[in-house]
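The working numbering puts the first residue of the sequence shown at 32, with every later residue one more than the last. Every residue gets a Cβ at the ideal spot worked out from N, C-alpha and C, and that includes glycine. As the structure is a computational prediction, the values presented were derived from the model and not from experiment. Beneath this line is the structure, given in structure tokens, with notes to follow.
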Amino acid sequence: MNEKHAKLIAAMVRYDKGDAKRIQHFLKVHDLAATIGKLEKLNKDTQFILETAAIVHDIGIHVSEQKYGSSSGKYQEIEGPTEAQKLMEELGGYTEEQIGRVKYLIGHHHTYKNIEGMDYQILVEADFLVNIYEDEIKKDAVEHVKSNIFKTESGKQLLTDMYIEELF
Ligand SMILES: [Fe+2]
Numbered sequence: 032m033n034e035k036h037a038k039l040i041a042a043m044v045r046y047d048k049g050d051a052k053r054i055q056h057f058l059k060v061h062d063l064a065a066t067i068g069k070l071e072k073l074n075k076d077t078q079f080i081l082e083t084a085a086i087v088h089d090i091g092i093h094v095s096e097q098k099y100g101s102s103s104g105k106y107q108e109i110e111g112p113t114e115a116q117k118l119m120e121e122l123g124g125y126t127e128e129q130i131g132r133v134k135y136l137i138g139h140h141h142t143y144k145n146i147e148g149m150d151y152q153i154l155v156e157a158d159f160l161v162n163i164y165e166d167e168i169k170k171d172a173v174e175h176v177k178s179n180i181f182k183t184e185s186g187k188q189l190l191t192d193m194y195i196e197e198l199f
């Protein structure tokens, strides 16, 4: 793992301290995003952005809960970008362009229309791969997600192997 991602993970764990459920969530999303990105042969810069965004993608949840009493996707998209910017600036070493793209991705990761860019697409797929399990999404809904939202071959394969095909 890239050292910057390791440091961001540690900072994000501290940000979410005491909330093991959310911490475990973003760790899984990051791992799956990194895996799909590598299998899809993203260039270095895009892989970097994707992994960074995956680590901080749900950073808006706590502020949303405090402000609106809700952790719904829409509020997270509103509150997340600023929180991510603060954290990334505190850590330092990110360009304005990188922060800008990560903020965009956080602000859109629950929006499945007009997905533009491999970082965006893969972040959405990785989040679904984890949420299907955590939210106990039913098999027919998984099939729907597979044909309507998933685009990468690696993401589709992971989704099929995790949730659609049976072992026996
Ligand atoms: Fe998420």
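Checklist entry - Y194: which of G148, Q152, E165 sits nearest, CA to CA? => result Taking only the C-alpha atoms, the option nearest Y194 is E165.
Checklist entry - Can you tell me whether R132 is buried or exposed, with buried defined as 16 or more other CB within 10 angstroms of its CB? => result Classification for R132: buried.
Next on the checklist: Mapping the DSSP letters down to three states, classify F57 as helix, strand or coil.
Outcome noted: The answer is helix: DSSP assigns F57 an H, G or I state.
Item to check | L97 burial status per 10 Å Cβ neighbour count (16 or more: buried) | outcome: Note that residue 97 is Gln in the sequence shown, not Leu. By the beta-carbon neighbour count (other beta carbons within 10 angstroms, threshold 16), Q97 is exposed.
Next on the checklist: For ligand 1, is there any heavy atom lying closer than 7 Å to the beta carbon of H88?
Outcome noted: Ligand 1 approaches H88 closely enough that one of its heavy atoms is under 7 Å from the residue's Cβ.
Checklist entry - Is D150 near ligand 1, going by C-beta to nearest heavy atom under 7 Å? => result Answer for D150: no, Cβ out of range of ligand 1.
Checklist entry - Based on Cα-Cα distance, which residue from V94, N74, G123, T126 lies nearest to T113? => result For the set V94, N74, G123, T126, the Cα lying nearest the Cα of T113 is the one of V94.
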